[in-house]
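Report on the structure given below.
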Amino acid sequence: MQLSNTDRRTFLKTTGQFLIGFNLFPLLNCSPAEKDPSIFHAYSGIPERPHGGRELIDSWIRLDAEGHVTVLTGKKELGQGIRTALIQIAADELEVDIQRCHIINGDTGQTANEGYTSGSNSIEGSGKAIREAAAEAKLFLLQLASTKLECSLEDLNLSDGTIKGLRNKKTSYWELLDGQYYEKTISGEAPILDHKRHQYVGKPIPRADILELVKGKAHFVQDLRFPDIVHARVLHPPTYGARLLSIDKVKVEALPGVLGLFVDGSFIAVIAEREFQAVKAWEKLKEATIWEKPTINPLPDRLFADMRSKDQKPEIIEENKNTTSQINQSPIRLKSTYERPYHMHGSAGPSCALAKWEDEKLTVWSPTQGVYPLQSTLADLFQVELTNIRCIGVPGSGCYGHNGADDVSAEAALIAKAFPEKTIRLQWMREDEHQWEPYGSAMIMELEAGINKEGMIQAWDSKIWSDSHSTRPRGDAGHFISARHLENPFEFKKGGFSGGAYRNAIPLYDIPVLNLKLFNYDGPLRSSALRGLGAYANIFALESFIDELAEASDMDPFTFRINNLKDERAIAVLEELKSKTNWNAMGRSGNKGYGIAFAKYKNTAAYFALMAEVEKDPLEKAFRLTRMVGVIEAGQCINPDGIINQTEGGMIQSASWTLMEAVKYDEHGVLSKDWNSYPIMRTNDIPEVQVYVINRPDLPPLGAGEAAQGPVAAAIANAVFDCTGTRIRELPITAEKIYW
Numbered sequence: 009m010q011l012s013n014t015d016r017r018t019f020l021k022t023t024g025q026f027l028i029g030f031n032l033f034p035l036l037n038c039s040p041a042e043k044d045p046s047i048f049h050a051y052s053g054i055p056e057r058p059h060g061g062r063e064l065i066d067s068w069i070r071l072d073a074e075g076h077v078t079v080l081t082g083k084k085e086l087g088q089g090i091r092t093a094l095i096q097i098a099a100d101e102l103e104v105d106i107q108r109c110h111i112i113n114g115d116t117g118q119t120a121n122e123g124y125t126s127g128s129n130s131i132e133g134s135g136k137a138i139r140e141a142a143a144e145a146k147l148f149l150l151q152l153a154s155t156k157l158e159c160s161l162e163d164l165n166l167s168d169g170t171i172k173g174l175r176n177k178k179t180s181y182w183e184l185l186d187g188q189y190y191e192k193t194i195s196g197e198a199p200i201l202d203h204k205r206h207q208y209v210g211k212p213i214p215r216a217d218i219l220e221l222v223k224g225k226a227h228f229v230q231d232l233r234f235p236d237i238v239h240a241r242v243l244h245p246p247t248y249g250a251r252l253l254s255i256d257k258v259k260v261e262a263l264p265g266v267l268g269l270f271v272d273g274s275f276i277a278v279i280a281e282r283e284f285q286a287v288k289a290w291e292k293l294k295e296a297t298i299w300e301k302p303t304i305n306p307l308p309d310r311l312f313a314d315m316r317s318k319d320q321k322p323e324i325i326e327e328n329k330n331t332t333s334q335i336n337q338s339p340i341r342l343k344s345t346y347e348r349p350y351h352m353h354g355s356a357g358p359s360c361a362l363a364k365w366e367d368e369k370l371t372v373w374s375p376t377q378g379v380y381p382l383q384s385t386l387a388d389l390f391q392v393e394l395t396n397i398r399c400i401g402v403p404g405s406g407c408y409g410h411n412g413a414d415d416v417s418a419e420a421a422l423i424a425k426a427f428p429e430k431t432i433r434l435q436w437m438r439e440d441e442h443q444w445e446p447y448g449s450a451m452i453m454e455l456e457a458g459i460n461k462e463g464m465i466q467a468w469d470s471k472i473w474s475d476s477h478s479t480r481p482r483g484d485a486g487h488f489i490s491a492r493h494l495e496n497p498f499e500f501k502k503g504g505f506s507g508g509a510y511r512n513a514i515p516l517y518d519i520p521v522l523n524l525k526l527f528n529y530d531g532p533l534r535s536s537a538l539r540g541l542g543a544y545a546n547i548f549a550l551e552s553f554i555d556e557l558a559e560a561s562d563m564d565p566f567t568f569r570i571n572n573l574k575d576e577r578a579i580a581v582l583e584e585l586k587s588k589t590n591w592n593a594m595g596r597s598g599n600k601g602y603g604i605a606f607a608k609y610k611n612t613a614a615y616f617a618l619m620a621e622v623e624k625d626p627l628e629k630a631f632r633l634t635r636m637v638g639v640i641e642a643g644q645c646i647n648p649d650g651i652i653n654q655t656e657g658g659m660i661q662s663a664s665w666t667l668m669e670a671v672k673y674d675e676h677g678v679l680s681k682d683w684n685s686y687p688i689m690r691t692n693d694i695p696e697v698q699v700y701v702i703n704r705p706d707l708p709p710l711g712a713g714e715a716a717q718g719p720v721a722a723a724i725a726n727a728v729f730d731c732t733g734t735r736i737r738e739l740p741i742t743a744e745k746i747y748w
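In the working numbering, the protein residues as written are 9 to 748.
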């Protein structure tokens, strides 16, 4: 697909990202619309300009004199629906028709710096900021209207931006702006609209991007084409630490359409006129290179033993000196160990980015989750000023967590530096994506607890072994994988230990004394942020262990959890799940088994409880996940369809991790190169899925995007135990591990 310059500008505006903050900045020299305000002018977009500061309304919200509202945010749309949700928030707070509203996401040339879109905090953080900014803008405009209409604020009536006063006098946002620029800041004191007056928040407003996808319109960075585009492929080393010994360039350069090779140390790229020509050249490169290949150690059969044998001094996250003695004094004591393998993102579309060097300035179109961190890390890579680099966020097909998005962006920029004045489009091959993305770390969770005869937890001890869950680029070029392969390589300083590894390791349950120790481990495979980080494995272990404690107490798993909780919202979610599943009336015999699990993500975000149903086939020595029912409470629900879709997706993805996925490797490298060697849940494997939302419009919204990951794993493990009598503590949960 080729785009004209006009289409190019339109594409950049409509696929932008969202920023948090705002400022009133109408289009200059525009007169108020004279037509019916319900008939909006065609949206031509706001003028491109850098944001003026996070404290300015204009950095988050802009109104123009033609009747449009633009929301700006530094957060990325990753398929979670935040573009629509943030527009709903802004439209309600400004009290305008939602059709007037547009949004720009993550562009260092326009939006504020909001770091990474991660941790399920977009609505919780950005939504709050945009709401405050819109409230401030509305208050300022109402004050202008009060002066113009010669009446008090209490006498004004607002509807879709039209403001009516006494004696039939009226004005509008657009007339009040009249092409003027007001530099106003956010005080945080403007009154927030009562939720009972919301027109859009809490409603299932359809997502425009879904319609675009269904119609097959250009949407992802993979779809983006410019008239001056050329195509590239990178030949990554065959394994970690491999070094290029020789390359026969002639064989590759002679192929049709090849424009050149770029070789810097062990970084190799081919550039061609057409994409297929680049792919053919990439295949030839494989034959034309000779590498020095180090071996990987430890191998999978020694991985968990190696994690324990290389104990460093632990980080003490929580400590109570009475924990061990309290456990030993408890009438019922239990100790269990759980293990999680390396998991990959397995993005649906291989990572892709476009880059262009022109007049010593770099522009990158990237599916990154953080345009500003990418910008600063590119500045370190090329040793240039930040002002010479612009990063424009474009949706990626399957971009979430720290996958290959930042790496491919840096590689495209490296190639573009060698071939200036052309737009370089680089897309990874499937094996690049599988072998070179950063994985979710393998982990060990060792839990011990004591309970009294009444089933109350008295003490809890946790030990965690884990590699880093965060090696995202944050200004150090060594975090780009190919920056380490250059002739003058950048050093990789891992860092990033701690927080992600023990996320959700501290139980939400009411436990008098507890310990939590973290043993950091430098593993054999590349690792970083995968959806939920350590919360997935920690909740799998914690909620499996809670079921073991409930069984040891001879108590119903719902009753045991509720008795050990004080958080009323947590209890309400569990009781709602118990009601929706008709738990007490379920048959407890035959070939079906049921398991439940619960967590409050990060112990600060959404509450989520789930029941999993599995069915066994003893003759075939197999089982199948047949149903999952979830209940989520995330405070005020902005868009019920959005939260249900996010939760359903998280449930299915987590079920796939739990039942099927594990990165395979040997001493020569990663073996999981495609969908055959790294199987994921297919359509026919997906169980019946139901999600119920508890909406609390009187409470602030909570992050919900990653709430489902951990509880799903534990609920499946608990259901398998209920069905087969086998307690599986090592993921993935497969039929081969069951004692039939």
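All C-beta atoms in this analysis are idealised placements derived from N, C-alpha and C, irrespective of residue type, glycine included.
Keep in mind that this is a model prediction, so the values were computed, not measured.
Beta-carbon proximity check, residue i vs residue j, cutoff 8 Å
i, j, result
"TYR208", "ASP100", "yes"
"CYS645", "GLY173", "no"
"TYR350", "LEU533", "yes"
"LEU522", "GLU326", "yes"
"ALA457", "LEU342", "yes"
"ALA537", "ALA418", "no"
"ALA143", "SER67", "no"
"PRO308", "PHE527", "no"
"ASN726", "GLY603", "yes"
"ALA277", "ILE423", "yes"
"ALA153", "LEU102", "no"
"LYS600", "GLU621", "yes"
"GLN377", "THR589", "no"
"ALA513", "SER470", "yes"
"LEU455", "SER374", "no"
Residue nearest to residue i in terms of C-alpha spacing, selected from the options
i, options, result
"HIS676", "ASP231, PRO245, THR193, VAL222", "PRO245"
"VAL79", "LEU94, ALA198, ASP163", "LEU94"
"ILE298", "LEU253, ARG70, GLY733, GLY401", "LEU253"
"ARG215", "GLY87, THR732, LYS461, TYR408", "GLY87"
"GLU283", "GLY507, ASP562, CYS360, GLY273", "CYS360"
"GLY711", "ALA642, MET689, ILE90", "ALA642"
"ASN460", "ASP217, ALA424, PRO520, PHE427", "PRO520"
"ARG737", "MET451, THR247, GLY378, ALA98", "MET451"
"SER274", "PRO497, MET594, HIS477, ASN165", "PRO497"
"TYR380", "ALA723, ILE694, GLY114", "GLY114"
"THR170", "LEU184, GLU158, SER160", "LEU184"
"TRP444", "ASP414, THR332, GLU429, GLY463", "ASP414"
"SER478", "LYS502, PHE553, ILE465", "LYS502"
"ILE194", "GLU454, ARG632, VAL697, ALA141", "ALA141"
"ARG348", "SER449, LYS294, GLN337, ALA509", "SER449"
"TYR510", "LEU494, GLY531, LYS610", "LYS610"
"VAL637", "GLY658, LYS624, CYS407", "GLY658"
In DSSP terms, what residue i is bridged to
i, result
"THR479", "None; THR479 has no bridge partner."
"LEU253", "Answer by DSSP bridge pairing: none, since LEU253 is not bridged."
"ALA280", "HIS239, VAL266"
"LEU370", "TRP365, ILE397"
"GLU261", "According to DSSP, GLU261 bridges with nothing at all."
"LEU667", "Partner(s): none; LEU667 has no beta bridge."
"TYR346", "MET453"
"PHE390", "Bridge partners of PHE390: none, in fact."
Residue i CB to nearest heavy atom of the ligand SAH below 7 Å
i, result
"GLY448", "Judged by which ligands are present, the structure shown has none, so any question about the ligand SAH falls away."
Minimum length 3: unbroken beta strand (DSSP E) runs contained in the region 404 to 439: 431 to 435
Do the region 575 to 595 and the region 535 to 554 touch if we need at least three Cβ pairs shorter than 8 Å? no
Should the region 233 to 241 be regarded as contacting the region 417 to 434, the criterion being three or more beta carbon pairs within less than 8 Å? yes
If we count Cβ pairs, one from each stretch, closer than 8 Å, do we get three or more for the region 392 to 403 versus the region 196 to 207? no
Contained beta strand (DSSP E) runs [length at least 3] in the region 155 to 201, N- to C-terminal order: 165 to 167, 170 to 172, 178 to 180
Is it the case that the region 104 to 122 contacts the region 64 to 81, given that we only count it when at least three CB pairs across the two stretches are under 8 Å? yes
Quick one: complete alpha helix (DSSP H) runs, 4+ long, within the region 655 to 725? none
Tell me whether the region 600 to 616 and the region 713 to 721 touch, counting them as touching only if at least three CB pairs, one residue from each stretch, are closer than 8 Å. yes
Counting only runs that start and end within the region 549 to 623, where is the alpha helix (DSSP H) found for 4 or more residues in a row? 565 to 571, 576 to 588
Would you say the region 737 to 746 touches the region 675 to 689, given that touching needs at least three Cβ pairs under 8 Å? no
Jot down the residue ranges of each uninterrupted alpha helix (DSSP H) in the region 87 to 120, minimum 4 residues, whole runs only, in chain order. 90 to 102
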